Amino acid sequence: MKELRVQPIKNGTVIDHIPAGMALKVLHILGIPDRGIGSIVSVAMNVRSNVMGKKDIVKVEDRELEPKEVDKIALIAPRATINIIRGYEVVEKHRVKLPKEVIGILKCPNPTCISNSREPIESRFIVISDNPPRVRCYYCEREPDDIASRII
Ligand code: CTP
Numbered sequence: 018m019k020e021l022r023v024q025p026i027k028n029g030t031v032i033d034h035i036p037a038g039m040a041l042k043v044l045h046i047l048g049i050p051d052r053g054i055g056s057i058v059s060v061a062m063n064v065r066s067n068v069m070g071k072k073d074i075v076k077v078e079d080r081e082l083e084p085k086e087v088d089k090i091a092l093i094a095p096r097a098t099i100n101i102i103r104g105y106e107v108v109e110k111h112r113v114k115l116p117k118e119v120i121g122i123l124k125c126p127n128p129t130c131i132s133n134s135r136e137p138i139e140s141r142f143i144v145i146s147d148n149p150p151r152v153r154c155y156y157c158e159r160e161p162d163d164i165a166s167r168i169i
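Dropping the structure here:
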């Protein structure tokens, strides 16, 4: 029988299969607690998982995620699944998937990169691998090795 750690939610989004220890980064991406409308949020950390050993889970009630937020989550939790819950049922489930390029969601580590200049140029990275996530700057070809801390 499945152990129930955190209550099922009625409506909202469950982000499952987050690598253990990354839940707080996911909350940060979602702007919790600074931004947002004070939705109810539950977090389970280091939950046992068949496929991952240990995992984290984040449940946000009465909120669905924006595509940019999902792309950011894909950069730190490449196996995460996004479950949309309505009336206690999982009505949609998909695994995060990085697009071919990510624009305006990572800051280039190269201080002389044109995306860091005063020009109004958004950062742009080519995705070279999904899992583990690896990206290369479209402008200066720098490959950040600390993607999680580069998320804007
Ligand atoms: N969940 C929830 N509230 C609901 C329904 C589901 O919080 N009303 C959560 C479950 O606890 C689980 C996730 O949403 O963390 C996905 O639910 P479900 O698809 O039923 O679980 P699994 O089959 O275990 O998912 P997967 O196959 O993706 O591992």
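The sequence shown: position 67 = 84 (this note's numbering), numbered continuously. By construction, the Cβ of each residue, glycine as well, lies at the ideal position given by its N, Cα and C atoms. Computed from a prediction, not measured in an experiment: that's the story for all the values here.
Below 7 Å, is the gap between the Cβ of residue i and the nearest heavy atom of ligand 1?
{"i": "aspartate 33", "result": "yes"}
{"i": "asparagine 148", "result": "no"}
{"i": "tyrosine 105", "result": "yes"}
{"i": "isoleucine 102", "result": "yes"}
{"i": "threonine 98", "result": "yes"}
{"i": "lysine 71", "result": "no"}
{"i": "proline 25", "result": "yes"}
{"i": "lysine 124", "result": "no"}
{"i": "lysine 110", "result": "yes"}
In angstroms with no decimal places, state the Cα-to-Cα distance between residue i and residue j.
{"i": "alanine 37", "j": "arginine 65", "result": "10 Å"}
{"i": "proline 150", "j": "serine 56", "result": "29 Å"}
{"i": "leucine 115", "j": "arginine 52", "result": "24 Å"}
{"i": "aspartate 147", "j": "aspartate 79", "result": "29 Å"}
{"i": "aspartate 163", "j": "valine 31", "result": "26 Å"}
{"i": "aspartate 33", "j": "glutamate 136", "result": "38 Å"}
{"i": "proline 25", "j": "serine 134", "result": "47 Å"}
{"i": "threonine 129", "j": "glutamate 139", "result": "14 Å"}
{"i": "methionine 69", "j": "arginine 96", "result": "9 Å"}
{"i": "valine 60", "j": "cysteine 125", "result": "30 Å"}
{"i": "valine 87", "j": "histidine 111", "result": "11 Å"}
{"i": "cysteine 154", "j": "glutamate 83", "result": "23 Å"}
{"i": "methionine 62", "j": "lysine 42", "result": "12 Å"}
{"i": "valine 152", "j": "glutamate 160", "result": "6 Å"}
Quick one: measure Cβ to Cβ for residue i and residue j, integer angstroms, because I've assumed they're closer than 8 Å.
{"i": "isoleucine 122", "j": "lysine 85", "result": "6 Å"}
{"i": "glycine 29", "j": "lysine 76", "result": "7 Å"}
{"i": "valine 108", "j": "alanine 94", "result": "Actually they do not touch by this definition, with Cβ atoms about 21 Å apart."}
{"i": "arginine 141", "j": "glutamate 158", "result": "So it is not a contact: roughly 12 Å between Cβ atoms."}
{"i": "tyrosine 156", "j": "serine 132", "result": "6 Å"}
{"i": "isoleucine 101", "j": "glutamate 81", "result": "6 Å"}
Any heavy atom of ligand 3 inside 7 Å of the beta-carbon of residue i?
{"i": "isoleucine 74", "result": "You won't find ligand 3 in this model; what it holds is ligand 1."}
List in chain order: all unbroken alpha helix (DSSP H) runs of 4+ residues lying wholly within the region 32-85.
Note on the region 32-85: whole alpha helix (DSSP H) runs with a minimum of 4 residues are 40-46, in chain order.
Suppose only complete runs of 3+ residues qualify. What are the beta strand (DSSP E) ranges in the region 80-137, listed by chain order?
Segments of the beta strand (DSSP E) lying fully in the region 80-137: 98-103, 106-112 and 118-120.
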